[in-house]
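In our numbering, the protein residues as written are 285 to 534.
Below, the structure is given as structure tokens:
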């Protein structure tokens, strides 16, 4: 009986260890992976093919908001390391928010969204990445409490597009048809999906830049629409009939 009792205790201890480990992992910092979203994370996303050789690299590191301030990400602990065949691992972002020579970047924390809190980090190369190459990105991070990143989310791989130097594209064009005189114009403006938000979201300097550009290009950005691109949502049954690209001719 003693041996059975000892075996049972060992089994329970092992189970408790697994549960504690799972709990710690759930609290660990994670790199967000949502490659099926409209705005995929990270960018370029895991398994992305034909990424531009000038691609910037953006990722977000988060922890559950419910853990509180003690579990926040230490932004000065975050590192980004790149590697690819024939190239040993090298740091792009070093501790202390320091970008290596050949890269520039910025951090956009601290924010809370969808029940998680964290930081985002953007790294821009000053020289092109190698073409037709599978590049592995790996992130290191920890919380102020010393909890390190979940290794299951810490790395991803994307592949750059082929070298386009000297490439050409032929477009067949039939010039034997009649000449068409078009008296219309292209829409030359900008359309926002929000309303009454220019000052709130610091957009006024953009309008000042548009205005200054008209000294050389008088036709540039003459129109502006603040409501949704294709009008308000029909299912809402409110505010329908606002100006939009589908129902209005400039």
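A virtual CB, placed ideally from N, CA and C, is assigned to each residue, including glycine.
Quick caveat: nothing in here was measured; it's all calculated off a predicted structure.
For this session: Using three-state DSSP, classify residue 464 as helix, strand or coil.
Result: Your numbering for residue 464 matches position 180 in the chain shown. In the structure shown, residue 464 sits in coil (DSSP, three-state: anything other than H, G, I, E or B).
Problem set entry | Burial state of residue 519, where buried means 16 or more other Cβ atoms lie within 10 Å | By one-based count along the chain shown, residue 519 stands at place 235. Low per-residue confidence applies at residue 519: pLDDT is 47, beneath 50, and the placement is therefore not dependable enough to give any value.
Exercise. Nearest-angstrom Cα distance between residue 365 and residue 505?
Worked result: One-based indexing of the chain shown puts residue 365 at position 81. One-based indexing of the chain shown puts residue 505 at position 221. If you draw a straight line from the Cα of residue 365 to the Cα of residue 505, it comes to about 41 Å.
For this session: Check whether the stretch 367-376 touches the stretch 319-331, taking contact to mean three or more Cβ pairs, one atom from each stretch, closer than 8 Å.
Result: The answer is no - the stretch 319-331 does not touch the stretch 367-376, with fewer than three Cβ pairs under 8 Å.
Exercise. If you check the beta carbons only, do residue 437 and residue 418 fall under 8 Å apart?
Worked result: As a position in the chain shown, residue 437 is number 153, starting the count at 1. As a position in the chain shown, residue 418 is number 134, starting the count at 1. No. Outside cutoff.
For this session: Determine, using beta carbons only, whether residue 355 and residue 429 come nearer to each other than 8 Å.
Result: Position 71 of the chain shown, counting from 1, holds the residue named residue 355. Position 145 of the chain shown, counting from 1, holds the residue named residue 429. The answer is yes: Cβ separation under 8 Å.
Exercise. Excluding five sequence neighbours on each side, which residues of the same chain lie with their C-beta closer than 8 Å to the C-beta of residue 350?
Worked result: Within the chain shown, numbered from 1, the residue matching residue 350 stands at position 66. Only 399 meet the Cβ criterion.
For this session: Assign residue 488 to buried or exposed, taking buried as 16 or more other Cβ atoms, counted over all protein chains shown, within 10 Å of its Cβ.
Result: Against the chain shown, residue 488 aligns to sequence position 204. The residue is exposed, with fewer than 16 neighbouring Cβ atoms inside 10 Å.
For this session: May I ask you to list the residues that DSSP assigns as paired with residue 502?
Result: In the chain shown, the residue the question calls residue 502 occupies position 218. BP columns for residue 502 are empty, so no partner.
Problem set entry | residue 495 in three-state terms, based on DSSP | On the chain shown, position 211 is the one that residue 495 refers to. In the structure shown, the three-state DSSP call for residue 495 is helix.
Exercise. Smallest Cα separation from residue 368: which of 501, 416, 451?
Worked result: Reading the chain shown from its first residue, position 84 is the one you call residue 368. Among 501, 416, 451, the Cα nearest to that of residue 368 belongs to 416.
For this session: Would you give the residue range spanned by the beta strand (DSSP E) that residue 424 belongs to?
Result: Position 140 of the chain shown, counted from the first residue, corresponds to residue 424. Taken as a continuous stretch (DSSP letters only), the beta strand (DSSP E) holding residue 424 covers 418-424.
For this session: Indicate the three-state DSSP secondary structure (helix, strand or coil) for residue 414 in the structure shown.
Result: Along the chain shown, one-based indexing puts residue 414 at 130. The DSSP-derived three-state label of residue 414 is coil.
Problem set entry | Run of the beta strand (DSSP E) containing residue 599, from where it starts to where it stops | A query on residue 599 cannot be resolved here, the shown segment of the chain reaching from 285 to 534 and no further.
For this session: Determine which residues share a DSSP beta bridge with residue 390 and list them.
Result: Numbered from its first residue, the chain shown carries residue 390 at position 106. DSSP output for residue 390 lists 406 as bridge partner(s).
Exercise. Who are the near neighbours of residue 318 in its chain, counting only those whose CB is closer than 7 Å to its CB and skipping five residues on each side?
Worked result: The residue labelled residue 318 in the question sits at position 34 within the chain shown. A distance below 7 Å between beta-carbons, with the five flanking residues on each side excluded, links residue 318 to the following residues of its chain, in chain order: 324, 325.
Exercise. Three-state secondary structure (DSSP) at residue 366?
Worked result: Here residue 366 refers to the residue found at position 82 of the chain shown. Strand, per DSSP.
Exercise. Residue 315 by DSSP, collapsed to three states: which one?
Worked result: To locate residue 315, count along the chain shown from 1; it is residue 31. Correct three-state label for residue 315: strand.
Exercise. What number of angstroms, rounded off, separates the C-alpha of residue 310 from the C-alpha of residue 394?
Worked result: Looking up residue 310 in the chain shown gives position 26. Looking up residue 394 in the chain shown gives position 110. Their Cα atoms are separated by approximately 20 Å.
Exercise. Residue 490 by DSSP, collapsed to three states: which one?
Worked result: As a first step, residue 490 is located in the chain shown; it is residue number 206 there, counting from the start. The three-state reading of DSSP puts residue 490 in helix, counting H, G and I together.
Exercise. Is residue 354 helix, strand or coil by DSSP?
Worked result: Residue mapping note: residue 354 aligns to position 70 of the chain shown, counting from 1. The three-state secondary structure of residue 354, taken from DSSP, is helix.
Problem set entry | Pair within 8 Å by beta-carbon distance, residue 409 and residue 380 | Walking along the chain shown from the start, residue 409 turns up at place 125. Walking along the chain shown from the start, residue 380 turns up at place 96. With respect to residue 380, residue 409 sits apart: the two C-beta atoms are not nearer than 8 Å.
Exercise. Does the distance from the CB of residue 315 to the CB of residue 363 come in under 8 Å?
Worked result: Residue numbering aside, residue 315 sits at position 31 when the chain shown is read from its first letter. Residue numbering aside, residue 363 sits at position 79 when the chain shown is read from its first letter. No, Cβ-Cβ distance for residue 315 and residue 363 is not below 8 Å.
Exercise. Does the Cβ of residue 413 have 16 or more other Cβ atoms within 10 Å, making it buried, or fewer, making it exposed?
Worked result: Here residue 413 corresponds to residue number 129 of the chain shown, with the count starting at 1. Residue 413 comes out buried.
Exercise. Residue 333 by DSSP, collapsed to three states: which one?
Worked result: Counting from 1 along the chain shown, the entry for residue 333 is found at position 49. In the three-state DSSP reduction, residue 333 falls in the coil class, being neither helix nor strand.
Exercise. Once you ignore the five residues that flank residue 334 on each side, which residues in its own chain have a CB closer than 6 Å to its CB?
Worked result: The residue you call residue 334 lines up with position 50 of the chain shown. Closer than 6 Å at Cβ, skipping near neighbours: 445.
Exercise. For the beta strand (DSSP E) that contains residue 377, what are its first and last residues?
Worked result: Stepping through the chain shown from its first residue, residue 377 is reached at position 93. DSSP places residue 377 inside the beta strand (DSSP E), whose first and last residues are 371-378.
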